[in-house]
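Reviewing the structure listed below.
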Amino acid sequence: MGKEQLSGLSAEELFTRDGGITYDDFTILDTIFTDIDKENINLETILGKGISLKTPIIAAPMDTVTNAALCIALALEGGIGCIHYNFKKAGGVTPDIDAQIKEIKSVKRFENGFIENPVTVSPDYTIAQAIEIGEKNKVGGSPIDTFPVTYGGRPHGRLLGLLRKQDYSRSKHTSLKVRVRMLPLEKLIMAECPVTLEEANEKLWDAHLLFLPIVDKKMILKYLVTRSDIDKNEEYPLATKDEKKRLRVLFAVETRPELAYERLEKGFVAGADGCIIDTSQGYTKYEVGMIKYVLGKYKDKLVIGGNISTKEAYNELDKLGLHAYRCGQGSGSICTTAGAIGISRAGATGVYECAKQNGNMKTIADGGLKQVGDIKKALVSGADCVMLGNMLAGTEESPGKTKIDPESGLPIKEYRGMGSKEANVGEKIRGYSKLPQGVSGNVKYKGSIHQWIPLIRDGLISAFHVLNCRNINELHEKMYSGQIRFERKTIGSIEESGVHDLKI
Ligand code: XMP
Numbered sequence: 001m002g003k004e005q006l007s008g009l010s011a012e013e014l015f016t017r018d019g020g021i022t023y024d025d026f027t028i029l030d031t032i033f034t035d036i037d038k039e040n041i042n043l044e045t046i047l048g049k050g051i052s053l054k055t056p057i058i059a060a061p062m063d064t065v066t067n068a069a070l071c072i073a074l075a076l077e078g079g080i081g082c083i084h085y086n087f088k089k090a091g092g093v094t095p096d097i098d099a100q101i102k103e104i105k106s107v108k109r110f111e112n113g114f115i116e117n118p119v120t121v122s123p124d125y126t127i128a129q130a131i132e133i134g135e136k137n138k139v140g141g142s143p144i145d146t147f148p149v150t151y152g153g154r155p156h157g158r159l160l161g162l163l164r165k166q167d168y169s170r171s172k173h174t175s176l177k178v179r180v181r182m183l184p185l186e187k188l189i190m191a192e193c194p195v196t197l198e199e200a201n202e203k204l205w206d207a208h209l210l211f212l213p214i215v216d217k218k219m220i221l222k223y224l225v226t227r228s229d230i231d232k233n234e235e236y237p238l239a240t241k242d243e244k245k246r247l248r249v250l251f252a253v254e255t256r257p258e259l260a261y262e263r264l265e266k267g268f269v270a271g272a273d274g275c276i277i278d279t280s281q282g283y284t285k286y287e288v289g290m291i292k293y294v295l296g297k298y299k300d301k302l303v304i305g306g307n308i309s310t311k312e313a314y315n316e317l318d319k320l321g322l323h324a325y326r327c328g329q330g331s332g333s334i335c336t337t338a339g340a341i342g343i344s345r346a347g348a349t350g351v352y353e354c355a356k357q358n359g360n361m362k363t364i365a366d367g368g369l370k371q372v373g374d375i376k377k378a379l380v381s382g383a384d385c386v387m388l389g390n391m392l393a394g395t396e397e398s399p400g401k402t403k404i405d406p407e408s409g410l411p412i413k414e415y416r417g418m419g420s421k422e423a424n425v426g427e428k429i430r431g432y433s434k435l436p437q438g439v440s441g442n443v444k445y446k447g448s449i450h451q452w453i454p455l456i457r458d459g460l461i462s463a464f465h466v467l468n469c470r471n472i473n474e475l476h477e478k479m480y481s482g483q484i485r486f487e488r489k490t491i492g493s494i495e496e497s498g499v500h501d502l503k504i
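The numbering used here numbers the first residue of the sequence shown as 1 and each following residue consecutively.
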């Protein structure tokens, strides 16, 4: 008797038989005996330049998805966000680069072991001015309420005191000077450089403090260490952090040099860990020119290109030494590119074909991921991680207000394509043509990232368990070797695998 035929299809058979395949068009079969435990499953993915994610999720650079608050929450849960670049100056027409940089700074400041650039005030400011400065310098969406007081209010000036939340009333003391309400130097507990984070932490606990200024021998303020950072460290073991224990963040730049060069310089000075060259068509001279520029100038930073969806484009970008790319064209939930210009590719087919090339770039499956199972399908098609727009829009941390849907009475939030008419008021972004290539709508409110991402992780771990894979590498090996088996879905099977015969 010959070798027994395995159930279903191999990935090669699935993706090369006929037509483009979306995540809805196939399912993965349970053909592998599970003998590993869930505790041994690790979802970590390595992006490059020392950046790895314990949760293989990147938030898309979109103005209804990714600002500082979402980046912070996602990075704490092991993913990473990319700050979009659709900030406009008052009047809503011209790009506001500094507004984007402010968001980057807010993420980098969030969980510093040592806060390198604490927001400081002068003793001669009024409490009202200090409150205003705090409002302008939000951390994780909340205004700063405690400030080192320095000579002239300089960021690294001579330390004169500390103005803490409990030192002033937001109603009674607004007209008083900071010097009147601050904790003066003689009552202040500080530490002197050099000091390790552990030593600073111990001092905070020993003295029952929430804030510890770190100064040099001349009393010049160097850093601030906070108790809430320590608590957060303990609460979020998966957090995506840099070598200084700050959360990691990416930012998007356009392919137009006149804006991108300034953005790049300011974004990297602000501490961003990498950038995404954000264009819907990545197989162009504009994209290639920008990739060469960034790779040449910012050698220690992660550079992500795209979007592409064919092996021809993959091989062109791979030659440049790019670290990672976004794979997906016209597949996003808000995209109308396929209809507008007739260019697109079915999401899973694009990922499979590009990832299979023998290159060095990491594959980020981007667009069309609607549920946790789709993330699993993207990874099993060859992706190293996924980029989410829709699945992260409508979270507590995404920009915009929660509204009530008049029809269902349920909470919703706005979600719009970056090529939509609504997102392209004033100067156009992302190289979209005059014809809109995206739409604007609403998505269901999803609650906090801190509840949602753990659920996604749980679903992914269950899926890895069924396929007996301990990590993404094993998943890819078993897919390429034909051990993981697939089945095309029929209309009947699509219906059968959804909720059916139930009134909800
Ligand atoms: P999902 O499906 O997660 O897709 O909502 C997010 C991705 O869609 C891309 N994007 C667009 N594509 N027109 C497009 O053709 C648009 O207006 C648009 N806005 C975003 C982008 O790649 C994003 O990550």
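Idealized CB from N, CA, C, for every residue including glycine.
Note that this is a predicted model, so its numbers are computed, not measured.
- DSSP places D35 outside any alpha helix (DSSP H), giving it a letter other than H or E.
- Look at the beta carbons and you see the segment 371–381 touching the segment 445–464: at least three pairs across the two are nearer than 8 Å.
- As a beta-bridge residue in DSSP terms, D366 pairs with M387.
- A Cβ-Cβ separation of about 5 Å places G8 in contact with F486 under the 8 Å criterion.
- A distance below 6 Å between beta-carbons, with the five flanking residues on each side excluded, links Y352 to the following residues of its chain, in chain order: F15, S381, G382.
- Of the residues G342, C335, M479, N201, the one whose Cα lies closest to the Cα of S420 is C335.
- As the crow flies, the alpha-carbon of V439 is around 46 Å from that of R154.
- Cβ neighbours of R470 within its own chain (closer than 8 Å, five residues either side excluded): I36, N40, I41, N42, F464.
- The beta-bridge partner set that DSSP reports for E487 consists of T27.
- Inside the segment 196–253, DSSP marks whole beta strand (DSSP E) runs of 3 or more residues at positions 211–215, 221–226, 250–253, from first to last along the chain.
- For D63, the number of other beta carbons within 10 angstroms of its own is at least 16, and it is reported as buried.
- A residue is called buried once 16 or more other Cβ atoms fall within 10 Å of its Cβ, and L210, having fewer, is exposed.
- Pairwise C-beta distances place the segment 156–166 in contact with the segment 115–123, as three or more of them are shorter than 8 Å.
- Rounded to whole angstroms, T34 and M391 show a C-alpha spacing of 29 Å.
- T349 sits in a helix when the DSSP states are folded into three classes.
- Here the distance from the Cβ of T120 to the nearest heavy atom of the ligand XMP is not below 7 Å.
- Nearest C-alpha to L197 among Y223, V386, P184, G350: Y223.
- Cβ contact annotation for A260 (same chain, cutoff 7 Å, sequence separation greater than five): V253, E254, M290, in chain order.
- Relative to the ligand XMP, the beta carbon of C335 is positioned inside 7 Å of a heavy atom.
- The distance from the Cβ of I449 to that of E396 is about 7 Å, consistent with a contact at the 8 Å cut-off.
- In the DSSP assignment, the residues bridged to P148 are L162.
- With distances taken between CA atoms, H173 lies nearest to A130 out of T150, A130, G134.
- Its Cα nearest to that of P436, the residue T337 stands out among E496, G342, I472, T337.
- Segment contact: the segment 236–253 against the segment 264–283, three or more CB-CB distances shorter than 8 Å; contact assigned.
- DSSP lists G305, T363 as the beta-bridge partner residues of Y325.
- Of R164, V288, H323, L29, the smallest CA-CA separation from V303 is found for H323.
- Contact annotation, A75 with S106: C-beta distance approximately 12 Å; criterion of less than 8 Å not satisfied.
- Per the Cβ contact rule, the segment 476–490 is in contact with the segment 17–28 (3 or more Cβ pairs under 8 Å).
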